[in-house]
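The structure under discussion appears below in the form of structure tokens.
Numbering (this note's numbering), first residue to last: 11 to 175.
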């Protein structure tokens with residue numbers, strides 16, 4: 011992954027009011043960007059606060075919060091975003107909710123739908139971010155340099171935000 015993706019202005023989408031298991035759409039993303047008065051620019055890092063992070067370490071952590079759907083993810087990627095983050099353990103909706111929808115519909119496209127958007131336009135995302143509620147909607151930088159691991163499809167980073175006075 012290009013290192014230029016890893017140190018860019020950050021934008022926070024506040025989806026804390028969405029119900030657990032909700033799959034965010036491109037309309038949700040557009041409405042939130044309108045609410046905060048922001049137009050995405052290429053390479054901005056978009057982080058999503060679903061409220062799951064506030065429950066880290068609790069038994070319901072992995073079932074809490076909304077997730078990003080395919081069209082919401084593509085909306086970001088089509089505007090040049092290449093690095094995203096979320097406070098839950100997974101970019102998509104918590105799997106317990108996706109599993110119920112899959113059993114009901116048999117639609118395998120529901121599984122990992124946000125992740126799969128990367129097949130169309132390459133990107134990386136961060137999971138299990140904390141303290142997103144402390145960030146403003148915009149006006150901060152994110153630094154999240156990757157650790158190089160041979161033969162892996164995932165790794166770790168120490169993500170930090172920089173807010174100037």
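In this text, a Cβ means the ideal position worked out from N, Cα and C, and glycines have one as well.
All figures in this text were calculated on a predicted structure; none of them were measured in a lab.
Cβ separation of residue 32 and residue 76, assumed to be a contact under 8 Å, to the nearest whole Å: 4 Å
Beta-carbon spacing of residue 158, residue 99 below 8 Å: no
Nearest neighbour of residue 133, chosen from 141, 155, 140 and 84 [CA to CA]: 84
Beta bridge counterpart(s) of residue 150 as assigned by DSSP: 20
Check whether residue 93 and residue 131 have beta carbons under 8 Å apart: no
Start-to-end residues for the alpha helix (DSSP H) that takes in residue 43: 36–46
3 or more residues per run - each beta strand (DSSP E) lying fully within the region 33–107: 55–59 and 93–96
Contact set for residue 121: own chain, Cβ-Cβ below 7 Å, skip 5 residues either direction: 108 and 112
Given residue 140 as reference, the closest of 58, 11, 150 and 40 once Cα atoms are compared: 58
Distance, residue 89 Cα to residue 52 Cα: 6 Å
Extent of the continuous beta strand (DSSP E) to which residue 140 belongs: Counting along the chain, residue 140 falls outside any beta strand (DSSP E), and DSSP gives it neither H nor E.
Simplified DSSP assignment, three categories, for residue 159: coil
Which residues DSSP lists as bridging residue 121, in chain order: For residue 121, which the question treats as bridged, DSSP gives no partner whatsoever.
Identity of the residue in 66, 103, 173 and 69 nearest residue 151 by Cα: 173
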